[in-house]
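Student: My structure is below; once you've seen it, I'll send some questions.
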Amino acid sequence: IYNDAHEDFNCSVKHTKIDAFIFQRTEEHADYSYEMYLKFWNNAKDKFNELKFDQILFPNRTGNVENLNLENLKSFILSAGTHSYPKNIKSERIRWHPDSMIRLLKQILILNSISDDEMHSVITKTFQVINELWEQHNK
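As numbered in the numbering used here, residues 6 to 144 make up the sequence shown, in order.
And the structure:
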């Protein structure tokens, strides 16, 4: 799924190029694992002004915000295993908290790749879906 030129990606190297996790998103081929998604976000924090908004991964198998809903989110997080499900929901809730995510994205995104209003709207929608799953789990 990711760029074949980067198959030898070594995520243990702190400053590895993020290019290995810039995905070509096509509905018929997209199927990202939760592990790949986590690697993307663990490495994205080390990048500064290198990504466009449409290159970030959202918590679902396609990585696209358009495919983010409660069912897809739950299935995606469960793919990492039921034993880690509660911990992973909590981690995603923290990761996608609007204040934290917007602060991070303003650091790693290329300037003007998305308007502030659009970014706030998409991040808030993402957090709301995650928070709904969190509340269902904690009933």
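Even glycine gets a Cβ: it sits at the ideal position worked out from N, Cα and C.
Here the structure is a predicted model, which is why all the values come from computation and not from measurement.
Using the Cβ count rule (16 or more neighbours within 10 Å means buried), how would you classify Gln112?
Tutor: For the purposes of this step, residue 112 is identified with residue 107 of the sequence shown, where counting begins at 1. With fewer than 16 other Cβ atoms within 10 Å, it is exposed.
Student: State yes or no: is the C-beta of Leu62 within less than 7 Å of the C-beta of Tyr42?
Tutor: Numbered from its first residue, the sequence shown carries residue 62 at position 57. Numbered from its first residue, the sequence shown carries residue 42 at position 37. Result yes, Cβ atoms of Leu62 and Tyr42 sit closer than 7 Å.
Student: Helix or strand or just coil, what does DSSP make of Leu83?
Tutor: Start at 1 with the first residue of the sequence shown, and residue 83 comes out as number 78. In this structure, Leu83 counts as helix in the three-state DSSP scheme.
Student: Taking only the alpha-carbon atoms, compute the straight-line gap between Ser84 and His125 and give it to the nearest angstrom.
Tutor: As a working note, residue 84 is residue 79 in the sequence shown. As a working note, residue 125 is residue 120 in the sequence shown. So the alpha carbons of these two residues sit roughly 28 Å apart.
Student: Buried or exposed, going by whether 16 or more other CB atoms sit within 10 Å of the CB of Gln60?
Tutor: Mapped onto the sequence shown, residue 60 falls at position 55. Answer is buried; the Cβ neighbour count reaches 16.
Student: Grab me the residues of Pro91's own chain with a C-beta within less than 7 Å of its C-beta, minus the 5 sequence neighbours each way, in chain order.
Tutor: Working through the sequence shown from its first residue, we reach residue 91 at position 86. His142, listed in sequence order.
Student: Could you tell me the boundaries of the alpha helix (DSSP H) in which Ser105 lies?
Tutor: As a first step, residue 105 must be located in the sequence shown, where it is residue number 100. Unbroken alpha helix (DSSP H) run through Ser105: Pro103 to Ile113.
Student: Need the endpoints of the alpha helix (DSSP H) that Pro91 sits in, please.
Tutor: Position 86 of the sequence shown, counted from the first residue, corresponds to residue 91. From DSSP, the alpha helix (DSSP H) with Pro91 extends over Tyr90 to Arg100.
Student: Out of curiosity, what's the CA-to-CA distance linking Phe58 and Leu116?
Tutor: In the sequence shown, counting from the first residue as 1, residue 58 sits at position 53. In the sequence shown, counting from the first residue as 1, residue 116 sits at position 111. Going from the Cα of Phe58 to the Cα of Leu116 covers about 10 Å.
Student: So for Leu43, helix, strand or coil by DSSP?
Tutor: What you label residue 43 is simply residue 38 of the sequence shown in a count that begins at 1. In this structure, Leu43 counts as helix in the three-state DSSP scheme.
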